[in-house]
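Engineer: Residue numbers (the numbering used here), protein chains in the order written: chain A, 39 to 561; chain B, 46 to 128.
I am attaching a structure below and will ask some questions about it afterwards.
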Amino acid sequence: MDKEFLKRITDAHSWLGLIISGLLFIIFFAGSIALFRDEINQWSFQPHYEVAQGEKLAISEVMEKAISGRKFTPKEHLIIITPSDNLPYYTIYVDVEHEEGEKDYVGFFMDPVSGEEVAAPDDYFLATFIYALHVNLNIPNGSYIIGFVTLFFFFALISGIFIHARKMFSNFFKYRAEKQKRSQLLDMHNIVGVMSLPFTIMYAISGLIFNLVIIYQIAFAVVLYQGDQQALLDDAGYQAVEPQWLDKPWKSPNIDQIYAATTDKYNTEPRMIRMYNYGDESAVMHMFGQVKDDFAEEYEVAYNLSNDSPLLIKDSANPNTLVQGLHVISRLHFGNYAGFDLRIIYFILGIGVCGLIITGNMLWLEKRARQRNQSEKTLKFVTNFTLLSTGGIVLATSMAFLAERLLPITFSQREDYMVYSFVLSLALVAFSLIFNHNKKLFLSLLLRGSALILLLVLIVDWVMFGSKGVMLWQQGIKTIIGTEIGIMVMALLFYYCGAKLKNKQSRVSVNDSDDELLAVRTI
Amino acid sequence: MWPKSIAAIIGGCLISISLMLNLNYLLPLAVDTRLFIGLLVSFPLWIAAMIWCYGSKSGWHAWQRCLSLLLVSCGINAFFIVM
């Protein structure tokens, strides 16, 4: 390959890699944790509430209880998400009458046996917050920013293959532990990069499809469909359900029968039910679910409740390649097509990519530090930026876990305080960077600090809910203790990495002082 | 690096859209299958164009490369649209 071409590609690889490194670390770190968002969510709320025992209410009763006593607007929607392994309650969203600027829906968990309201989903925001950090950074239009970061990440992967192609196989097991620091970093960067390549390419392509598909959607709609967006959506398998309100009350619709027939047909309960024009003769029941034991087959059905006739049926008997393909991509991205152990592998690979990002930045710093014409300010900025976007994010996430556990559930705007704890911790780390004179020691401090906060989370958890956790375990809900084990493993990992960095730094300092002593004696 | 980046992002995006449209006209498959293939292929095409741009001598050189390919690809687009 042309040497000049490789040199230019290498320059672009390091330049773009450095620019996106901060956000990319957040995406991968938050995404790795968000693989377990259902478990984290249950860890957050379950110890506060009892698990209902007994026969579940019929779905029609759930609907009646959901709108009872609320200013429900039947021309809008009633959405019901059915209980799952990690959430033993119905999650319900009722569209309500509202003033301008107010929330247009009410969301709550409902006990499936008694039909009583348990809590508001938004009160336990930690898992959603971490997931949103991964998806859109919790900022408006953040998904487009994530999309472009993913685009540059994909470029970095492919350019990395070009750069490393000749030595990809011969250097696969090469790690020069005793050599110079730069060689160690480079080997680490290359090994993690090569080993995680299929995984990272899958993530890059699926992430791009999720976030930047709009570009191609617009182009297709304009050129191929002459601006007819609906025609494109029809071909793409997205059919809108928009029944006209008739203003006539319905006559005892067969909601439970339709629900049971759908469950029997697909061998699994619908994951979500959306009701349109509830109570009117024009009412439609729209259901989504996954076919049991299938890799990525999902179904979507809608029925007119006036005569039980199907309005739309999308399943393996009526396939749409685009819809099915997107289901496959989604399952690959979220790693939920196999057991818990697969998500552990995804998690390890995700954290490995975080290491890839850090070593990439350190390589850039090492190289530039040797160049005489490099400005001190630039090096300082990149160092601090790397520390904030890696160690700072780890510490802030640990603080968010502590806040989630410590904040009383009676607190109004509980979720806001949890977010403040994250933002404030990050701001504090940014402020303390002013006093940073040694990047390794500072990173070590951040990691050990995060470990201690996570250990504190465990202590608080056991003081507050120790017996409850054991009781839930006996009832078959192992998520609480399982999440605690996960937190402990992460705390130990952070402490180990922090201690390693500190020891290395101490050794370097001793070697430096020995060199100075030798120099004095020689003189 | 900025001029190359602008060419890589904008030029690369236009190239991938144009090539994908051609692919859509040429593939003898059902429309949903064509849309899905287009979606899968479009981003790797964009990245290929980015590699080509960043491998150029300068920003101007990157634009020259993009525009020459775009000219050919858009010509084929125009042919299919008129036909």
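Cβ coordinates follow ideal geometry from the N, Cα and C atoms, glycine included.
At the 7 Å Cβ level, is D553/A part of the contact set with chain B, yes or no?
Structural biologist: With a pLDDT of 49 at D553/A, under the threshold of 50, the predicted position of this residue should be treated as unreliable, though the coordinate-derived value follows. No, because no Cβ of chain B sits closer than 7 Å to the Cβ of D553/A.
Engineer: Would you give the residue range spanned by the beta strand (DSSP E) that L116/A belongs to?
Structural biologist: L116/A -> beta strand (DSSP E) spans H115 to I119.
Engineer: Which one or two residues does DSSP pair with G145/A in a beta bridge?
Structural biologist: For G145/A, which the question treats as bridged, DSSP gives the partners Y131/A.
Engineer: In three-state terms, what does DSSP make of L350/A?
Structural biologist: DSSP places L350/A in strand when its eight states are reduced to three.
Engineer: Distance cutoff 7 Å, beta carbons only. Does I121/B sit that close to anything in chain A?
Structural biologist: Answer no: the Cβ-Cβ gap between I121/B and chain A never drops below 7 Å.
Engineer: Does the stretch 83-94 of chain A come into contact with the stretch 143-163 of chain A, if we say contact requires no fewer than three beta-carbon pairs (one atom in each stretch) closer than 8 Å?
Structural biologist: Touching, yes, given that three or more Cβ pairs across the two stretches are closer than 8 Å.
Engineer: Going straight from the alpha carbon of M509/A to that of D133/A, what length do you get?
Structural biologist: Each residue's Cα considered, the two are about 36 Å apart.
Engineer: Under the rule that 16 or more other beta-carbon atoms within 10 Å means buried, what is M128/B, buried or exposed?
Structural biologist: So M128/B ends up on the exposed side.
Engineer: Any idea what DSSP makes of N342/A, helix, strand or coil?
Structural biologist: Strand, per DSSP.
Engineer: Shortest alpha-carbon distance to S59/A belongs to which of S320/A, L195/A and A257/A?
Structural biologist: With distances taken between Cα atoms, S59/A lies closest to L195/A.
Engineer: Under the assumption that G153/A contacts K103/A (Cβ atoms under 8 Å), give the Cβ distance between them as a whole number of angstroms.
Structural biologist: The pair is a contact, with the Cβ atoms about 4 Å apart (cut-off 8 Å).
Engineer: Going along chain B, which residues have a C-beta under 8 Å from D273/A?
Structural biologist: Result: V76, D77 and L80.
Engineer: Is the stretch 388-400 of chain A in contact with the stretch 424-434 of chain A, if contact means three or more CB pairs nearer than 8 Å?
Structural biologist: Contact holds: three or more Cβ-Cβ distances are below 8 Å.
Engineer: Would you check if the distance between the CB atom of N122/B and the CB atom of L66/B is smaller than 7 Å?
Structural biologist: For N122/B and L66/B, yes; Cβs fall inside 7 Å.
Engineer: Note down, in chain order, each residue of its chain lying with its Cβ closer than 8 Å to the Cβ of E554/A, except the 5 sequence neighbours on either side.
Structural biologist: Residue placement at E554/A is flagged as unreliable, the pLDDT there being 47, under the threshold of 50; a coordinate-derived value is accordingly withheld.
Engineer: Going by alpha carbons, who is nearest to Y143/A out of I168/A, L360/A and L116/A?
Structural biologist: Ranking I168/A, L360/A and L116/A by Cα distance to Y143/A puts L116/A first.
Engineer: Starting from I311/A and walking both ways along the beta strand (DSSP E), at which residues does that stretch end?
Structural biologist: Note, I311/A: beta strand (DSSP E), M310 to Y314.
Engineer: Please report how far the alpha carbon of A259/A lies from the alpha carbon of P236/A, in whole angstroms.
Structural biologist: So the two alpha carbons sit approximately 32 Å from each other.
Engineer: With DSSP run on the structure shown, which of helix, strand or coil describes V117/B?
Structural biologist: Of the three classes helix, strand and coil, the one that applies to V117/B here is helix, per DSSP.
Engineer: Quick one: which chain A residues come within Cβ less than 8 Å of S87/B?
Structural biologist: Going along chain A in sequence order, the residues near S87/B (Cβ under 8 Å) are Y254.
Engineer: Look at the alpha carbon of R443/A and the alpha carbon of Q295/A, and state the distance between them as a whole number of angstroms.
Structural biologist: For R443/A and Q295/A, the distance between alpha carbons rounds to 42 Å.
Engineer: Looking at the unbroken alpha helix (DSSP H) that takes in H172/A, where does it start and where does it end?
Structural biologist: Residues L164 to N174.
Engineer: How many whole angstroms separate the CB atoms of W97/B and C58/B, which I take to be in contact at a CB cut-off of 8 Å?
Structural biologist: About 13 Å separates the two Cβ atoms, so there is no contact after all.
Engineer: Using a 10 Å radius around the Cβ and a threshold of 16 neighbouring Cβ atoms, would you call T416/A buried or exposed?
Structural biologist: Exposed is the call here.
Engineer: Give a yes or no on whether the minimum CB-CB distance between L64/B and chain A is below 7 Å.
Structural biologist: Chain A, which has no Cβ nearer than 7 Å to the Cβ of L64/B, makes this no.
Engineer: Mind checking the stretch 42-68 of chain A against chain B and listing, in chain order, the residues whose C-beta falls within less than 9 Å of any C-beta there?
Structural biologist: Result list: E42, F43, L44, R46, I47, D49, A50, H51, W53 and L54.
Engineer: Measuring straight from C-alpha to C-alpha, what distance separates I561/A and H172/A?
Structural biologist: Confidence at I561/A is low in this model, with a pLDDT of 38, below 50, so the placement of that residue is unreliable and no value is reported for it.
Engineer: Cα separation between Y304/A and A96/A?
Structural biologist: Approximately 19 Å between the Cα atoms of the pair.
Engineer: How far does the alpha helix (DSSP H) with E99/A in it reach, from first residue to last?
Structural biologist: First-last of the alpha helix (DSSP H) with E99/A: I97 to I105.
Engineer: Going by Cα to Cα distance, which pick from V457/A, A465/A, S436/A and L471/A is closest to L530/A?
Structural biologist: Cα-wise, what sits closest to L530/A is S436/A.
Engineer: Assuming M240/A is part of the alpha helix (DSSP H), what are its boundary residues?
Structural biologist: That run of the alpha helix (DSSP H) goes L235 to V261.
Engineer: Using CA coordinates, which residue listed in Q282/A, I447/A and E138/A is at the minimum distance from V322/A?
Structural biologist: Nearest option by C-alpha distance: Q282/A.
Engineer: Straight-line CA distance for M456/A to M502/A?
Structural biologist: Between M456/A and M502/A, the C-alpha separation is close to 18 Å.
Engineer: Using only alpha-carbon positions, find the residue among I184/A, K141/A and M528/A that is nearest to L496/A.
Structural biologist: Among I184/A, K141/A and M528/A, the Cα nearest to that of L496/A belongs to M528/A.
Engineer: Straight-line CA distance for H475/A to Y533/A?
Structural biologist: If you take the alpha carbons of H475/A and Y533/A, they lie about 21 Å apart.
Engineer: Relative to the alpha-carbon of L125/A, which residue among M101/A, S82/A and D285/A has its alpha-carbon at the smallest distance?
Structural biologist: Nearest C-alpha to L125/A: S82/A.
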